[in-house]
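Protein chains in written order, with the numbering used here: chain E, 3 to 235; chain F, 237 to 499; chain D, 156 to 433. In what follows, a structure is listed as C-alpha cells, so that the remarks can point back to it.
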Amino acid sequence: MDWILKLVNIGKDFVFHHQQGTRLVVINNFSMDFSPGETAVLSGPSGSGKSTLLRMIYASYKTEKGHIFIKHHGKQVDVATAAPALIYNIRQDTIGYVSQFLRVVPRVSALDTVIEPLIARNMEENLAMEKGKQMLERLNIPQNLWHLSATTFSGGEQQRINIARGFIASYPIMLLDEPTASLDAKNRKVVMELIQEAQLHGSCIISIFHDKYDQQIIAGRTIDMSEQLLKEA
Amino acid sequence: MTGMPDKTNLPLLKVQNLSKFFGKHIGCHDINFELSPGEVIGIVGESGSGKSTLLNCIAGKTNPTNGAVYFNSSDGYIDLCMSDEALLRKIARTQTGFVTQNSRDGLRMGISAGGNIGERLMANGMRNYGQIRKIALEWLETVEIDPARIDDLPETFSGGMQQRLQIAANLVTEPKIMLMDEPTSGLDVSVQARLIDVLRKLVSRLNLSMVLVTHDLAVARLMCHRLYVMKNGKIIESGLSDQILDDPRKPYTQLLVSSVLKP
Amino acid sequence: MSHQYNFAYLDEQSKKMIRRTMLKAIAIPGFQVPFGGREMPLPYGWGTGGIQLTAAILGKEDTLKVIDQGSDDTVNAISIKKFFKTTADIEVTESTENATIIQTRHRIPETPLKKGQIMVFQVPIPEPLQFIEPRRRETAKMHAYQEYGAMYVKLYEDIATYGRIATAFDYPVQVNQRYIMSPSPIPKYDNPKLNQSPAIHFFGAGREKRIYAVPPFTDVKSLDFEDYSFELESWNEPCSICGSTTSFLDEIITDDEGTRLFICSDTEYCQKRSQGGE
Numbered sequence: 003m004d005w006i007l008k009l010v011n012i013g014k015d016f017v018f019h020h021q022q023g024t025r026l027v028v029i030n031n032f033s034m035d036f037s038p039g040e041t042a043v044l045s046g047p048s049g050s051g052k053s054t055l056l057r058m059i060y061a062s063y064k065t066e067k068g069h070i071f072i073k074h075h076g077k078q079v080d081v082a083t084a085a086p087a088l089i090y091n092i093r094q095d096t097i098g099y100v101s102q103f104l105r106v107v108p109r110v111s112a113l114d115t116v117i118e119p120l121i122a123r124n125m126e127e128n129l130a131m132e133k134g135k136q137m138l139e140r141l142n143i144p145q146n147l148w149h150l151s152a153t154t155f156s157g158g159e160q161q162r163i164n165i166a167r168g169f170i171a172s173y174p175i176m177l178l179d180e181p182t183a184s185l186d187a188k189n190r191k192v193v194m195e196l197i198q199e200a201q202l203h204g205s206c207i208i209s210i211f212h213d214k215y216d217q218q219i220i221a222g223r224t225i226d227m228s229e230q231l232l233k234e235a
Numbered sequence: 237m238t239g240m241p242d243k244t245n246l247p248l249l250k251v252q253n254l255s256k257f258f259g260k261h262i263g264c265h266d267i268n269f270e271l272s273p274g275e276v277i278g279i280v281g282e283s284g285s286g287k288s289t290l291l292n293c294i295a296g297k298t299n300p301t302n303g304a305v306y307f308n309s310s311d312g313y314i315d316l317c318m319s320d321e322a323l324l325r326k327i328a329r330t331q332t333g334f335v336t337q338n339s340r341d342g343l344r345m346g347i348s349a350g351g352n353i354g355e356r357l358m359a360n361g362m363r364n365y366g367q368i369r370k371i372a373l374e375w376l377e378t379v380e381i382d383p384a385r386i387d388d389l390p391e392t393f394s395g396g397m398q399q400r401l402q403i404a405a406n407l408v409t410e411p412k413i414m415l416m417d418e419p420t421s422g423l424d425v426s427v428q429a430r431l432i433d434v435l436r437k438l439v440s441r442l443n444l445s446m447v448l449v450t451h452d453l454a455v456a457r458l459m460c461h462r463l464y465v466m467k468n469g470k471i472i473e474s475g476l477s478d479q480i481l482d483d484p485r486k487p488y489t490q491l492l493v494s495s496v497l498k499p
Numbered sequence: 156m157s158h159q160y161n162f163a164y165l166d167e168q169s170k171k172m173i174r175r176t177m178l179k180a181i182a183i184p185g186f187q188v189p190f191g192g193r194e195m196p197l198p199y200g201w202g203t204g205g206i207q208l209t210a211a212i213l214g215k216e217d218t219l220k221v222i223d224q225g226s227d228d229t230v231n232a233i234s235i236k237k238f239f240k241t242t243a244d245i246e247v248t249e250s251t252e253n254a255t256i257i258q259t260r261h262r263i264p265e266t267p268l269k270k271g272q273i274m275v276f277q278v279p280i281p282e283p284l285q286f287i288e289p290r291r292r293e294t295a296k297m298h299a300y301q302e303y304g305a306m307y308v309k310l311y312e313d314i315a316t317y318g319r320i321a322t323a324f325d326y327p328v329q330v331n332q333r334y335i336m337s338p339s340p341i342p343k344y345d346n347p348k349l350n351q352s353p354a355i356h357f358f359g360a361g362r363e364k365r366i367y368a369v370p371p372f373t374d375v376k377s378l379d380f381e382d383y384s385f386e387l388e389s390w391n392e393p394c395s396i397c398g399s400t401t402s403f404l405d406e407i408i409t410d411d412e413g414t415r416l417f418i419c420s421d422t423e424y425c426q427k428r429s430q431g432g433e
C-alpha cells in the first residue's frame with residue numbers, strides 16, 4: 003500500500019548530563035508505515051514515548067537513529083536529515099501539529115495567531131480573517147477576545163486558540179497531542195468534528211488521547227507504544 | 237537527502253572557519269554557518285562566550301584572525317574579511333544594518349530622530365529634503381514611534397523607542413541583512429515585547445534576514461528559525477530553534493535551557 | 156626692523172616646513188594637511204594659524220593687509236600688522252587692491268581679488284564634520300572615503316528646526332568636487348567669492364595645526380538640497396554710509412531707543428566708495 007509517512011528503525015535516547023548522565027531510552031528501534039487518510043491512535047502509559055514520537059516526526063526533537071520518510075510536495079523526504087529550510091517548508095505545507103499548549107506571542111491578537119498558517123501559505127488576508135473568525139466562533143471564543151493578545155486568556159481559551167490555529171489549514175499529516183485534554187464537553191465535541199473533517203479531507207491523523215472515549219470515536223488503528231520498549235535494542 | 241530548499245535562494249552569508257584570537261585568548265574559534273534570505277538565526281550563549289566577537293567579525297568591525305565571511309552583495313559574493321575598508325563601509329551603510337545593545341552607540345544623540353533616519357539616505361546621495369522627511373515619517377510610523385516626535389532628540393526617547401529608532405535608521409536603506417547585538421537587553425518586558433513584535437512584522441514584510449545575538453532564550457525562540465549555541469568561543473550545538481530548546485543534547489545547552497526562569 | 160627676531164619672526168626652517176605644507180594643501184584642494192604648528196607670541200584664537208602662514212610666505216616686497224570682521228582698524232588687525240612691521244619691516248596697507256597678502260578673520264573683501272593675491276584665513280575649527288562626528292579618526296575616514304552624508308545631516312537639522320538652512324557663517328563647501336571644507340567663519344555671503352577665484356586662499360588653524368587651501372580658479376560649491384537651495388542673505392536697505400546695495404552689511408544700534416542702521420562690514424570698501432563718490 004502507498005504510504006505518506008514511513009518510520010524506519012527510529013530510536014531516541016535522552017541523556018541528562020546534569021543528572022548523573024542518566025540515559026533514558028524512549029523510542030527503541032521502531033518502524034511503521036502510515037497511509038494517506040489513515041487514523042491512528044498512540045496508546046500506552048506515560049513515558050512510553052507517544053509524545054516523543056510525534057515531536058520526532060514534527061522535527062522538534064532531533065532524530066539521530068533511523069529515518070522518518072514523508073511525502074512532501076510529492077517527493078520523498080527524510081525528516082531526520084532534512085535541512086532546516088526544508089523543515090520550515092514541511093511544517094508550512096505538509097505536517098500540522100496540535101498540542102494543548104499555546105505558545106503565546108505577546109501583542110499578537112488571537113485572530114492573527116489563528117490565521118498565521120494561512121498567511122504563511124499566502125492566502126489573501128481578508129479571506130484568512132473570514133476563515134479565522136468562523137473557526138473562533140466554532141470554538142466558542144467570545145468575539146470581544148478576538149482582537150486581544152492571548153497572553154491574558156485563561157488556560158482553556160488559550161488551548162482553543164491553539165486548536166483553531168492547528169486546524170485552520172489542512173495538512174496531509176496531522177499530529178495531535180492530547181488536543182481535547184481538559185476541554186469541556188461542548189468544545190470537545192467541536193474538536194472531534196474538526197478531526198473528522200480533516201479525515202474527510204484525506205489527512206493522515208496520528209493522535210494521542212488522554213480520554214478513552216475520544217480515542218474510541220476516532221480510532222482506526224491503535225498502536226501500543228509500550229510494546230516497542232520491551233524489544234531488544 | 238532527497239529534497240532540498242530552493243537552490244535559487246543562494247545563502248546571503250557564508251561564514252567559513254572564522255576565528256578571532258586576542259593574543260592567547262580565544263574570541264571565537266572555527267565558526268561555520270550559512271544564512272539564507274528571509275532567515276533569522278540566533279547566536280545564544282552566556283556572556284563572554286564570543287557571541288559579540290563573532291557578530292563584530294561579520295559586521296567588519298573586527299578583523300578576524302582566520303577564515304572568511306562571504307556576503308552575497310549586489311555585486312556577487314565578496315569576502316568581507318579580505319575587502320578594503322572603503323567597500324566595507326559602503327556595504328555597512330547600504331546593504332547591512334547593525335543594531336547595538338546600547339542605542340547610544342548606534343544613534344547620534346545630538347541629532348533629531350528624523351536626522352538619524354535620514355543620514356543613511358543622505359549618505360547614499362539623496363539630496364531632497366522633502367523626500368528624506370517623508371521617508372523618515374513613514375519609518376517612524378513603521379517602528380511605532382509617534383511621527384510628531386520626528387524633530388525630537390533621541391535623548392528624550394525611552395530606551396525602547398531608542399532601539400526602535402535605531403532599527404528604523406538601519407532599515408531605511410532596506411539592507412539585506414540586519415546584525416543585532418542584544419537589541420532587547422536592558423528593556424523591561426513589555427517594551428521588549430513591542431520591539432519583538434515590530435521586528436517580527438518587519439522580518440515577514442521585508443523578507444529580512446537577521447543574525448541576532450542574544451542571551452535571552454525566550455527572545456531567541458520567538459524570533460529565530462535556527463539557533464547556534466556558543467561556549468568558550470566555539471559553536472557547540474546548532475539546529476532548529478525548537479530542537480535546541482526542547483531537545484538540547486550537549487551538557488552546556490541543557491544547562492542553559494534548564495537555567496531559564498519561567499514565570 | 157628689530158635685530159632680535161628673524162625676518163617675520165619664525166626661523167627659516169619652520170617657515171620652510173610650513174611652505175611645504177602649504178604646497179601640499181594647494182595640491183589637494185580642500186584637504187586638511189597637518190603641520191608642526193609653532194608657538195606664536197599671542198594666544199590661540201587670536202589668529203596664530205593665519206599668522207604662521209603669513210610669516211612663512213611673506214617676502215620683503217610684499218604689501219600686507221589685515222582685516223578683522225571686515226575692518227582694517229580693529230585691535231586684532233592693527234596688532235598683527237604691527238607685529239609684521241616690527242619683525243619684517245614690510246609695507247602695510249588698507250587697500251585691498253594694493254595688497255599682495257591679505258590676512259583675514261571672518262571676511263573676504265568686497266573688492267574683487269586679482270590673480271597673484273594671496274588670502275590667508277585664520278581658522279578656529281577646521282573640521283566641518285566635527286559638529287556631527289567628534290571622533291577625529293572617524294572624520295578622517297569620512298573625508299578619505301567621501302562619506303559626506305553626515306554633513307547634510309547638519310543642513311537637514313537646520314531646515315527641520317528653522318524651516319530653512321539657517322547656517323549663516325562657516326557654511327560648508329565642497330572644493331573641486333571632492334573634499335568638504337569649512338570656509339572658516341566667513342558669512343555665507345562670501346562663499347561665492349571663493350568659487351573660481353583668481354586669488355589663492357590659504358586657511359590656517361593654529362590650535363588644531365591644520366592647513367588647507369583653495370587654489371586659483373577652483374570650483375567651490377556651497378552644499379544644499381534640491382528643494383532648499385543655497386541662498387545669500389539680503390538687506391532691505393543700502394549701506395547708510397556709502398549706499399552700497401551689493402555689500403555685506405553690519406547692523407548697528409545707535410541709541411537706547413533701538414534705532415538701527417546698516418553699514419558695510421568692509422570698512423576699506425565703504426570708505427573708498429564714499430570718498431571716490433561712486
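Ideal placement from N, C-alpha and C gives every residue a C-beta, glycine not left out.
Inset, instruction - Could you tell me the boundaries of the alpha helix (DSSP H) in which D/T209 lies? - result: Its alpha helix (DSSP H) spans residues T203 to I212.
Inset, instruction - To the nearest angstrom, report how far apart D/F510 and F/T420 are at their CA atoms. - result: Here chain D covers residues 156 to 433 and nothing more, so residue 510 of chain D does not appear.
Inset, instruction - Please state if the CB of F/I262 and the CB of F/N253 are separated by a distance shorter than 9 Å. - result: Cβ distance not < 9 Å, so F/N253 and F/I262 don't count as in contact.
Inset, instruction - Starting from the C-beta of D/S169, find all residues in its chain whose C-beta is less than 7 Å away, skip the five residues before and the five after it, and write them out in chain order. - result: Around D/S169: R193.
Inset, instruction - Can you have a look at F/R441 and say buried or exposed, based on whether 16 or more other CB atoms are within 10 angstroms of its CB? - result: Around the C-beta of F/R441, fewer than 16 other C-beta atoms lie within 10 Å, and the residue is accordingly described as exposed.
Legend entry - Inter-residue Cα distance where the pair is D/E312 and D/Y367: Each residue's Cα considered, the two are about 27 Å apart.
Legend entry - Contacts that F/S494 makes with chain E (C-beta to C-beta distance below 9 Å): In chain order, H20 make up the part of chain E whose C-beta sits under 9 Å from the C-beta of F/S494.
Legend entry - Sequence ranges, alpha helix (DSSP H) only - wholly within the segment 39 to 66 of chain E, length at least 4: Whole alpha helix (DSSP H) segments, 4+ residues: 52 to 60.
Legend entry - chain D residues whose Cβ lies nearer than 9 Å to that of F/A405: Within 9 Å Cβ-Cβ: nothing; F/A405 doesn't reach chain D, min ~11 Å.
Legend entry - Any 3 or more C-beta pairs closer than 8 Å across the segment 217 to 224 of chain D and the segment 162 to 182 of chain D: They do not touch, by the three-pair rule.
Legend entry - Neighbourhood of D/N231 by C-beta distance below 7 Å, restricted to the same chain and skipping five residues each side: By the criterion of a C-beta distance shorter than 7 Å, D/N231 is surrounded in its chain by W201, G202, D223 and R260, once the five residues flanking it on both sides are discounted.
Inset, instruction - Output yes or no for whether 9 Å exceeds the beta carbon distance between D/K309 and D/P371. - result: Judged by beta-carbon spacing, D/P371 lies beyond the 9 Å limit of D/K309, meaning their Cβ atoms are not closer than that value.
Inset, instruction - May I have the straight-line CA-CA distance separating F/V449 from F/V280, to the nearest angstrom? - result: Cα to Cα, the separation comes out at about 6 Å.
Legend entry - Rounded C-alpha distance that separates D/E293 from E/Y63: Looking at the two C-alpha atoms, the distance is approximately 49 Å.
Inset, instruction - Determine the chain D residues that contact F/I368 at a beta-carbon separation under 7 Å, and present them in chain order. - result: Near F/I368 (Cβ distances below 7 Å), the residues of chain D are Y311.
Inset, instruction - Measuring alpha carbon to alpha carbon, tell me which of E/V110, E/I6, E/I208 and E/N142 ends up nearest E/L150. - result: Answer by Cα proximity: E/V110.
Legend entry - Residues near E/M227 in its chain [Cβ-Cβ closer than 8 Å; skip 5 each side]: Cβ neighbours of E/M227 beyond the five flanking positions: L44, S45, G46, S50, G51, K52 and L55.
Legend entry - Buried/exposed call for F/W375, threshold 16 Cβ in 10 Å: With 16 or more other Cβ atoms within 10 Å, it is buried.
Legend entry - Buried versus exposed, by CB contacts within 10 Å (16 or more), E/D40: Per the sequence shown, the amino acid found at residue 40 of chain E is Glu instead of Asp. E/E40 is buried by the Cβ-count criterion.
Inset, instruction - Please decide whether F/K470 counts as near chain E, where near means a Cβ-Cβ distance under 9 Å. - result: No, F/K470 lies away from the interface with chain E (no Cβ there is under 9 Å from its Cβ).
Inset, instruction - Taking F/A384 as the reference, give the member of F/L323, F/V496, F/G312 and F/L373 with the closest Cα. - result: It is F/L373 whose Cα lies nearest to the Cα of F/A384.
Legend entry - Partners in chain E for F/R430, counting only beta-carbon separations shorter than 9 Å: Residues of chain E passing the Cβ test: P108 and R109.
Legend entry - Cα-Cα separation between F/L248 and F/L476, rounded to whole angstroms: Roughly 18 Å between the two C-alpha positions.
Legend entry - Per DSSP, cross-strand counterpart(s) of F/C460: Answer is none; F/C460 lacks a bridge partner.
Legend entry - Validate contact between the segment 422 to 433 of chain D and the segment 391 to 402 of chain D using beta carbons, cut 8 Å, 3 pairs: The way I'd put it, the segment 422 to 433 of chain D does touch the segment 391 to 402 of chain D; three or more beta-carbon pairs between them come closer than 8 Å.
Legend entry - Proximal residues to D/P189 (C-beta, below 7 Å), its chain only, five neighbours per side dropped: Taken in chain order, the residues that qualify are K364 and R365.
Legend entry - When D/L213, D/I212, D/I287 and D/V247 are compared against D/D106, the one with the closest alpha-carbon: The structure shown does not extend to residue 106 of chain D, since chain D spans only 156 to 433, so no value can be given for it.
Inset, instruction - Answer with yes or no whether the minimum CB distance from F/A322 to chain D is below 9 Å. - result: Yes, its Cβ sits closer than 9 Å to a Cβ of chain D.
Inset, instruction - Could you give the DSSP three-state label for E/M131: helix, strand or coil? - result: If DSSP states are grouped into helix, strand and coil, E/M131 belongs with the helices.
Legend entry - Same chain only: Cβ atoms within 7 Å of E/Y173, ignoring 5 sequence neighbours per side: Closer than 7 Å at Cβ, skipping near neighbours: T96, I97, G98 and S205.
Legend entry - Minimum Cβ-Cβ distance from D/K348 to chain F less than 9 Å: Output row for D/K348: interface = no.
Inset, instruction - Report the rounded CA-to-CA distance for E/K233 versus E/L26, giving the unit in angstroms. - result: Between E/K233 and E/L26, the C-alpha separation is close to 15 Å.
Legend entry - D/S337 versus D/D411: straight-line alpha-carbon distance, rounded: Here the alpha carbons of D/D411 and D/S337 stand approximately 37 Å from one another.
Legend entry - When F/G312, F/R462 and F/S283 are compared against F/D417, the one with the closest alpha-carbon: Per the C-alpha coordinates, the member of F/G312, F/R462 and F/S283 positioned closest to F/D417 is F/S283.
Legend entry - Interface positions of the segment 368 to 380 of chain D facing chain F (Cβ-Cβ less than 7 Å), listed along the chain: The segment 368 to 380 of chain D vs chain F, Cβ under 7 Å: F380.
Inset, instruction - Spatial neighbours of E/E180 within its chain, please: CB distance less than 6 Å, with the 5 preceding and 5 following residues excluded, ordered by chain position. - result: Hits under 6 Å: Q102, I210 and H212.
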